[in-house]
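Residue numbers for the sequence shown follow numbering that gives the first Met the number 0, so the first one is 0 and each next one is one higher.
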Amino acid sequence: MQDSIEIRNNWTRAEADALYRQPLNDLLYQAHSVHRKYFDPNQVQRSKLLSIKTGGCVEDCAYCSQSARNGAQLSASKMIEVEQVISEASKAKENGATRYCMGAAWRGPKDRDMAALEAMIEGVKGMGMETCMTLGMLEDDQVLRLKEAGLDYYNHNIDTSERYYSEIITTRTFADRIDTLNRVREAGIKVCAGGIVGMGEQQMDRVDMLVTLATLEAHPDSVPVNMLIPIADTPLADVTPLDPIEFVRTIALARILMPKTHVRLSAGRTNMSDEMQAMCFFAGANSIFVGETLLTADNPTEDKDAALFSRLGISAMALGCDGSR
Ligand code: SAM
Ligand code: DTB
Ligand code: SF4
């Protein structure tokens with residue numbers, strides 16, 4: 000709930016743009032001050048991903064290894080068994096993850112998939128972990144079934160600005176994404192919604208994407224900011240890499256616009272230096288994905304992340320603690 004005048008849903012593009020463009024030290028100082036006010040700045044939440052259905056996706060998202068239309072060499076799999084999900088989740092819990100995020104390469108789930116999805120949610124929740132799913136677009140009855148099974152979070156990214164969206168995806172619209180996000184929120188499932196930067200977009204697209212998220216009826220509970228992982232044989236394979244400072248500015252703006260949201264330093268950490276990640280944590284990122292694989296792409300090893308946390312004096316949020324003040 001947006002309970003204070005400092006939590007605003009009426010940010011304008013001009014205000015956000017001015018925040019984003021200010022001298023970096025001013026931006027970092029402001030973002031970090033907001034961060035400290037609402038969160039313990041030395042605690043970072045850890046989520047673990049699992050691909051429950053990989054490849055062969057009918058959508059044409061230009062960044063994705065799993066689109067059947069991209070010519071990426073990934074073969075399509077069937078949905079994995081419920082038992083395998085539970086056993087993977089229990090390993091993730093032992094390794095300190097508090098949220099388990101299950102992703103499927105679908106435009107949306109089919110009704111025949113729903114019973115297995117419900118069993119996965121019940122099983123993972125039964126182990127005491129938070130549950131998250133990302134399954135594409137949802138119908139009203141599907142949202143209700145997921146909620147009743149106990150789903151805590153639904154991830155559905157707007158990916159970029161409304162202006163740039165059709166350059167990246169043509170098989171669905173920006174409005175389709177917003178519709179699903181509204182359905183999820185109205186059903187009482189927590190919303191995880193963010194996007195990808197480094198896809199050849201302009202600075203204003205990064206700002207606009209965050210303004211869209213910050214002017215939804217309620218701010219998302221989590222905002223993942225992904226740095227594009229360039230995937231061979233996709234249309235974005237050779238896009239010019241984004242200046243890391245622009246990425247840090249994006250994190251900082253997300254923190255200022257959405258003070259109580261968990262901002263996740265999401266995909267792309269394998270290609271980031273420790274120093275860049277440290278700047279992101281200072282700018283207000285307070286969540287990461289852990290484990291060597293995201294859905295299909297690489298992520299830093301547990302050892303590497305443990306060493307990074309130790310160098311920075313960061314501790315992992317415990318189960319049941321959201322790091323808020
Ligand atoms: N099919 C579902 C959907 O698109 O909503 C769920 C899975 S999809 C892979 C989840 C998100 O991962 C995408 O919305 C995108 O933001 C992110 N993602 C996918 N491929 C990526 C890449 N190569 N680099 C960075 N982020 C990526
Ligand atoms: C999100 O924003 N990032 C995660 C999660 N939500 C589902 C996915 C990242 C995928 C990175 C590319 C891959 O592993 O294929
Ligand atoms: Fe399919 Fe999701 Fe990949 Fe788009 S991002 S191609 S919807 S798996």
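Ideal placement from N, C-alpha and C gives every residue a C-beta, glycine not left out.
Bear in mind that the values here come from a model prediction, so they are computed numbers and not experimental data.
So what does DSSP say about residue i, is it helix, strand or coil?
| i | result |
| --- | --- |
| Cys100 | strand |
| Thr295 | coil |
| Tyr163 | helix |
| Arg7 | coil |
| Gln1 | With a pLDDT of 47 at Gln1, under the threshold of 50, the modelled position of that residue is not reliable, and no figure is offered here. |
| Ala186 | coil |
| Asp140 | helix |
| Phe308 | helix |
| Asp204 | helix |
| Val196 | strand |
| Lys259 | coil |
| Leu209 | helix |
| Glu58 | coil |
| Leu235 | coil |
| Gln21 | coil |
| Pro243 | helix |
| Ser76 | coil |
| Ile51 | strand |
| Cys63 | coil |
Tell me whether residue i, by its Cβ, gets closer than 7 Å to a heavy atom of ligand 1.
| i | result |
| --- | --- |
| Cys279 | no |
| Ala296 | yes |
| Ser64 | yes |
| Ala103 | yes |
| Asn329 | Nothing about residue 329 can be reported from this structure: the residues present for the chain run from 0 to 324 only. |
| His155 | yes |
Quick one: what's got a C-beta closer than 7 Å to residue i's C-beta in the same chain, skipping five residues either side?
| i | result |
| --- | --- |
| Ala88 | Tyr99, Val123, Met126, Met128 |
| Cys320 | none |
| Cys279 | Val247, Ile250, Leu264 |
| Asp204 | Thr159, Ser160, Arg162, Tyr163 |
| Ser50 | Gly102, Leu294, Thr295 |
| Thr260 | His218, Pro219, Asp220, Ser221, Val222 |
| Glu121 | Ala148, Gly149 |
| Gly322 | Phe38, Asp39, Gln42, Gln44, Asn285, Met316 |
| Gly54 | Gln65, Leu73, Ser74, Ala75, Ser76, Ala104 |
| Met208 | Ile157, Thr159, Ser160, Gly194 |
| Asp139 | Arg182 |
| Ala277 | Leu311 |
| Arg12 | Val206, Asp207, Val210 |
What I want to know is whether the C-beta of residue i ends up closer than 7 Å to one or more non-hydrogen atoms of ligand 2.
| i | result |
| --- | --- |
| Thr159 | no |
| Pro240 | no |
| Ala266 | yes |
| Asn285 | no |
| Gly55 | no |
| Gly193 | yes |
| Ile228 | yes |
| Leu352 | Because the chain here runs from 0 to 324, residue 352 falls outside it and cannot be looked at. |
| Leu293 | yes |
Can you check whether the C-beta of residue i is within less than 8 Å of a C-beta belonging to chain B?
| i | result |
| --- | --- |
| Ser160 | You won't find chain B in this structure, because it holds only one protein chain. |
Does the Cβ-Cβ distance between residue i and residue j come in under 8 Å?
| i | j | result |
| --- | --- | --- |
| Thr172 | Asn8 | no |
| Gly107 | Met132 | no |
| Thr295 | Gln29 | no |
| Ala96 | Leu134 | no |
| Asn41 | Gly312 | yes |
| Arg268 | Phe38 | no |
| Lys47 | Ala118 | no |
| Phe288 | Asn298 | yes |
| Gly290 | Glu301 | yes |
| Arg310 | Val33 | no |
| Ala186 | His155 | no |
| Glu5 | Pro243 | no |
| Gly70 | Asp232 | yes |
Considering only residues of the same chain and omitting the five flanking positions on each side of residue i, which have a CB-CB separation below 6 Å?
| i | result |
| --- | --- |
| Ala15 | Val206, Val210 |
| Arg68 | Asp59 |
| Tyr19 | Val206, Arg248, Leu252 |
| Gly197 | Met226, Leu227, Leu241 |
| Thr170 | Glu58, Asp59 |
| Ile85 | Gly122 |
I'd like to confirm something about residue i: is its beta-carbon nearer than 7 Å to some heavy atom of ligand 3, or not?
| i | result |
| --- | --- |
| Arg106 | yes |
| Cys131 | no |
| Gln276 | no |
| Glu58 | yes |
| Gly135 | yes |
Less than 8 Å between C-beta atoms, sequence neighbours within five positions excluded: which residues of the same chain meet that for residue i?
| i | result |
| --- | --- |
| Ile168 | Glu58, Asp59, Cys60, Ala61, Asp158 |
| Asp2 | In this predicted model, Asp2 has a pLDDT of only 49, less than 50, meaning its place in the structure is not dependable enough to derive any value. |
| Ile188 | Val142, Leu145, Lys146, Leu150, Asp151, Tyr152, Tyr153 |
| Asp175 | Met136 |
Check whether the region 251-271 and the region 223-238 are in contact - that is, three or more C-beta pairs closer than 8 Å.
yes
Are the region 107-119 and the region 134-153 touching by the rule of at least three beta carbon pairs closer than 8 Å?
-> Taking 8 Å as the limit for Cβ pairs, the verdict is that the region 134-153 does touch the region 107-119.
message = Would the region 18-30 count as touching the region 74-89 if we require 3 or more Cβ pairs under 8 Å?
response = no
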